[in-house]
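Taking the numbering used here, the leading residue of the sequence shown gets 216, the next gets one more, and so forth. A short worksheet on the structure shown next.
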Amino acid sequence: MKKMKTMLVMMLAALAPFTFTSCDDEVYWYDDPWWYVYDDGSYYWNTDYYYDTSYDYMDEGLTVLDEAQVLAGEWRGTMQYYTAADKSVAEFNVNMLFVQNNPRAIKGTGIEVDSYNGESQTLNFTWYIDANSGDIYIRYDGSDNTFVLDINARDKGFYLSEASGEFYGYMLGTNNNDAAYFNMVRSEANAKPATRAAGTKAFGQKQIQKPTFGNVAGRLVQR
């Protein structure tokens with residue numbers, strides 16, 4: 216009997232690590248999408264900057280004013296929008312217009328028009344470029360949902376090019392857990408004249424990973 220008890224204790228001791236390991240596997244934050252870390256207070260709408268007077272330098276001698284001037288104008292393409300509340304993904308056509316407050320401003324206003332299957336909605340927003348980092352912030356009127364476009368994120372940031380007229384990447388919620396992937400080109404009406412030499416200013420990371428949000432449905436998102 217004593218020998219059987221000893222064997223039983225040894226078996227239970229051997230099983231104990233596996234029991235604790237299975238509990239560790241149930242840590243719930245592993246289920247959260249990667250962009251939820253942006254809603255931690257590090258990225259937020261900062262109203263303390265004097266956006267019209269600070270033009271910090273970036274790589275290759277470019278400034279945030281250069282970035283604002285390339286961003287200004289009309290862009291058209293598609294957007295995939297992930298809604299955290301119900302974990303749904305919507306895809307629709309998108310048209311975004313960025314307007315500088317003045318030719319020397321790194322902030323301004325904008326209009327976004329989403330459309331799908333004959334339906335459309337218009338959203339107004341304000342935007343600015345962080346003078347210290349070059350990140351682009353967008354805040355939608357009404358909901359006050361704020362998003363950041365992270366210029367230094369290697370795979371999940373954005374790319375803005377004057378030469379190719381491309382603007383694509385991720386918008387990540389900072390006071391919410393929504394996210395979006397957009398892929399746009401400069402509107403022909405807003406393009407540079409063919410006789411004028413194409414600019415060479417580019418910002419962000421060109422090699423952006425395509426989204427893996429999950430199942431996508433064509434529809435508009437009320438936000």
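For every residue, glycine included, the Cβ atom is placed at its ideal position computed from N, Cα and C.
Skipping 5 residues on each side, what residues in its chain have a beta carbon closer than 6 Å to that of Asn-391? Reading the sequence shown from its first residue, position 176 is the one you call residue 391. Cβ within range, chain order: Asn-360.
Buried or exposed for Trp-249, going by 16 or more other Cβ atoms inside 10 Å? In the sequence shown, counting from the first residue as 1, residue 249 sits at position 34. Exposed, by the Cβ-count rule.
Are the CB atoms of Ala-395 and Gln-295 within a distance shorter than 8 Å? Residue 295 sits at position 80 when you count from the first residue of the sequence shown. Residue 395 sits at position 180 when you count from the first residue of the sequence shown. Inclusion of Gln-295 and Ala-395 in the CB contact set at 8 Å is warranted, their separation being smaller than that value.
Mapping DSSP to helix, strand and coil, what is Val-285? In the sequence shown, residue 285 corresponds to position 70, counting from 1. Correct three-state label for Val-285: helix.
Residue range of the beta strand (DSSP E) that Leu-312 falls in? Residue mapping note: residue 312 aligns to position 97 of the sequence shown, counting from 1. Taken as a continuous stretch (DSSP letters only), the beta strand (DSSP E) holding Leu-312 covers 303 to 315.
Please report how far the alpha carbon of Ala-346 lies from the alpha carbon of Tyr-272, in whole angstroms. In the sequence shown, residue 346 corresponds to position 131, counting from 1. In the sequence shown, residue 272 corresponds to position 57, counting from 1. Their Cα atoms are separated by approximately 9 Å.
Trp-401: buried (16+ other C-beta within 10 angstroms of its C-beta) or exposed? In the sequence shown, residue 401 corresponds to position 186, counting from 1. According to the sequence provided, residue 401 is Arg. The question's Trp does not apply to it. Per the 10 Å Cβ criterion, buried.
Straight-line CA distance for Tyr-259 to Arg-354? Numbered from 1 along the sequence shown, position 44 holds the residue referred to as residue 259. Numbered from 1 along the sequence shown, position 139 holds the residue referred to as residue 354. For Tyr-259 and Arg-354, the distance between alpha carbons rounds to 10 Å.
Can at least three beta-carbon pairs, one atom from the stretch 418 to 432 and one from the stretch 330 to 337, be found at a separation below 8 Å? Contact between the stretch 418 to 432 and the stretch 330 to 337 is absent, because fewer than three Cβ pairs lie under 8 Å.
Please look up how many angstroms separate the CB atoms of Phe-397 and Tyr-374, rounded, as I've assumed it's under 8 Å. Within the sequence shown, the letter at position 182 stands for residue 397. Within the sequence shown, the letter at position 159 stands for residue 374. Taking a contact as a CB-CB distance under 8 Å, the pair Phe-397 and Tyr-374 does not count as one, their CB atoms being some 11 Å apart.
So Ile-366 and Gly-372 are supposed to be a Cβ contact under 8 Å. How far apart are they, rounded? Locating residue 366 in the sequence shown gives position 151, where the first residue counts as 1. Locating residue 372 in the sequence shown gives position 157, where the first residue counts as 1. The distance from the Cβ of Ile-366 to that of Gly-372 is about 6 Å, consistent with a contact at the 8 Å cut-off.
Which of the three DSSP states, helix, strand or coil, is assigned to Tyr-331? Counted from its first residue, the sequence shown places residue 331 at position 116. Strand at Tyr-331.
CA-CA distance, Thr-337 and Asp-281? Stepping through the sequence shown from its first residue, residue 337 is reached at position 122. Stepping through the sequence shown from its first residue, residue 281 is reached at position 66. A direct Cα-Cα distance of roughly 28 Å separates Thr-337 from Asp-281.
Should Ala-300 be labelled buried (16 or more other beta-carbon atoms within 10 Å of its own) or exposed? As a first step, residue 300 is located in the sequence shown; it is residue number 85 there, counting from the start. Exposed, since its Cβ has fewer than 16 Cβ neighbours within 10 Å.
My understanding is that Leu-435 touches Phe-307, with C-beta atoms under 8 Å, so please give their C-beta distance in whole angstroms. Taking the first residue of the sequence shown as 1, we reach residue 435 at position 220. Taking the first residue of the sequence shown as 1, we reach residue 307 at position 92. Contact between Leu-435 and Phe-307 holds: CB atoms are separated by about 6 Å, below the 8 Å threshold.
Does the beta-carbon distance from Ile-351 to Leu-277 come in below 8 Å? As a first step, residue 351 must be located in the sequence shown, where it is residue number 136. As a first step, residue 277 must be located in the sequence shown, where it is residue number 62. Taking C-beta atoms as the reference points, Ile-351 and Leu-277 fail to come closer than 8 Å.
Endpoints, the beta strand (DSSP E) within which Met-386 is located: Counting from 1 along the sequence shown, the entry for residue 386 is found at position 171. Counting along the chain, Met-386 sits inside the beta strand (DSSP E) bounded by residues 381 to 388.
Helix, strand or coil: how does DSSP classify Val-436 here? Counting from one through the sequence shown, the residue named residue 436 turns up at place 221. Looking at Val-436 - three-state DSSP - the assignment turns out to be coil, as it is neither helix nor strand.
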